[in-house]
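To start, the structure under review is shown below, and the notes come after it.
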Ligand code: V47
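Numbering (the numbering used here), first residue to last: 53 to 415.
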């Protein structure tokens, strides 16, 4: 009898897995069995289609007051290397993306004290005016909470105004790891996990869908991981607003965590596949899209993750700065044909989707 038998029985009986089941999955070294279970559950729930989106990441600024210890992307105010794009520069990038067939702009920055609320609103309004059919998946829950704090508006008001300007959804960034103690060590000046979930709940209540992320492979414990995933599941039971869950693989280069000797190595391949599988097993039936983000996972691991519970590989991306600042070695752009090739080669059906998981084309 395998140590995972109690979990297998629950899965076979369609029962929801709990914290202890999650911990068992985190401690077992039987990765191929965990993967097979996740793959089986994935096939039953979402079938053999693998989704991707034609998108473009636009980072409008890197000047940030949050100074997270896992982040190599930010610069302090006045520091060399800091940048803020003008709205015209953002529009130029959008024009490029549009010409390349993007249907989604993923727009994320940082907590820049110099940027007024008008900038955020106008940026969306001008993009929406010029590209009315483009999804504007913009500003993380952290940026939304920051805008509320700095303008004196409540989160709901901020979201209503941004939605009116053209916002279609929120990306899942800023989730990091919810456990209070761990979060204080890796991002002491960021909003709490509870606040992050509150912002998401408010967005979902206004019909603004979002994604959810979790940063793993730094100083978190297995218990932190299970706790994080289960908190996402609890919120989802109330709101049904999370469209995808994306575990993000920590890249240590140039980060405080690495400079201070707290983290020497990033996660291993074993960790990457286990986290994808555990996410599928704990979230299945609640958040059915488990995304392997090829930029962070690496092209090869992302492809293999499709056999460990993932059914989404993100998108063409076009320009990425956050992972590359921290030593990411993947290209900044993946042509659609290459994504299709990776998916087909894994024995699965490539499907281009919209941000909201509507089918654009089955290949
Ligand atoms: O919140 C920061 C993470 C996130 C590092 O919603 C790092 O579809 C690894 O959220 N190593 C931003 N990760 C990216 C993000 C995202 C990406 C792709 C798709 C979606 C989506 C969202 O990147 C941050 C943080 O958790 N991050 N530094 C690093 N050194």
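All residues carry an ideal CB built from backbone N, CA and C; glycine is no exception.
Only a predicted model underlies this, so the values are computations on that prediction, with no experimental measurement involved.
Buried or exposed by the 16-neighbour rule on C-beta atoms within 10 Å, applied to residue i
i, result
"residue 106", "buried"
"residue 263", "buried"
"residue 54", "exposed"
"residue 418", "For residue 418 there is no data in the structure shown, the boundaries of the chain being 53 and 415."
"residue 236", "exposed"
"residue 292", "exposed"
"residue 414", "exposed"
"residue 396", "exposed"
"residue 162", "buried"
"residue 304", "buried"
"residue 82", "exposed"
"residue 400", "buried"
"residue 294", "buried"
"residue 218", "buried"
"residue 324", "buried"
"residue 344", "buried"
"residue 306", "exposed"
"residue 261", "buried"
"residue 288", "buried"
Residue i vs residue j beta-carbon contact at 9 angstroms
i, j, result
"residue 221", "residue 194", "no"
"residue 367", "residue 386", "yes"
"residue 94", "residue 402", "no"
"residue 405", "residue 103", "yes"
"residue 407", "residue 189", "yes"
"residue 166", "residue 210", "no"
"residue 180", "residue 108", "no"
"residue 360", "residue 149", "no"
"residue 252", "residue 297", "no"
"residue 200", "residue 248", "no"
"residue 268", "residue 299", "yes"
"residue 229", "residue 245", "yes"
"residue 372", "residue 380", "yes"
"residue 275", "residue 75", "yes"
"residue 80", "residue 56", "yes"
"residue 215", "residue 259", "yes"
"residue 141", "residue 182", "no"
Cβ-Cβ separation, residue j to residue i (assumed contact under 8 angstroms), whole Å
i, j, result
"residue 350", "residue 382", "6 angstroms"
"residue 2", "residue 113", "Lying outside 53 to 415, the shown extent of the chain, residue 2 is not represented and no answer is given."
"residue 160", "residue 231", "That belief does not hold up - the Cβ atoms of residue 160 and residue 231 are roughly 23 angstroms apart, past 8 angstroms."
"residue 374", "residue 125", "5 angstroms"
Neighbour flag for residue i against chain C, beta carbons, 9 angstroms
i, result
"residue 325", "The chain inventory of the structure shown lacks chain C, comprising one protein chain alone."
Of the listed residues the options, nearest to residue i (C-alpha basis)
i, options, result
"residue 250", "151, 375 and 290", "290"
"residue 337", "179, 182, 84 and 285", "285"
"residue 364", "196, 340 and 71", "340"
"residue 302", "248, 335 and 377", "377"
"residue 169", "181, 123, 281 and 213", "213"
"residue 234", "70, 127 and 121", "121"
"residue 152", "162, 171 and 186", "186"
"residue 97", "176, 362, 81 and 255", "362"
"residue 177", "318, 125, 143 and 352", "143"
"residue 410", "75, 323, 92 and 155", "155"
"residue 412", "276, 388, 393 and 260", "388"
"residue 206", "287, 346 and 255", "255"
"residue 315", "123, 87, 117 and 118", "123"
"residue 118", "394, 306 and 238", "238"
"residue 356", "322, 370, 369 and 384", "322"
"residue 273", "58, 60, 78 and 64", "78"
"residue 202", "353, 390 and 164", "164"
"residue 342", "352, 277 and 329", "329"
"residue 99", "394, 358, 393 and 370", "358"
"residue 394", "62, 354 and 384", "354"
Any non-hydrogen atom of the ligand PLP closer than 8 angstroms to residue i Cβ
i, result
"residue 68", "Of the ligands this structure carries, namely the ligand V47, none is the ligand PLP."
Report yes or no: do three or more beta-carbon pairs, one from the region 274 to 283 and one from the region 328 to 337, lie closer than 8 angstroms?
Counting C-beta pairs with one atom in each stretch, the region 274 to 283 and the region 328 to 337 have three or more that are closer than 8 angstroms, which means they touch.
Taking one C-beta from the region 65 to 74 and one from the region 307 to 321 each time, how about it: are there three or more such pairs within less than 8 angstroms?
No: fewer than three Cβ pairs fall under 8 angstroms.
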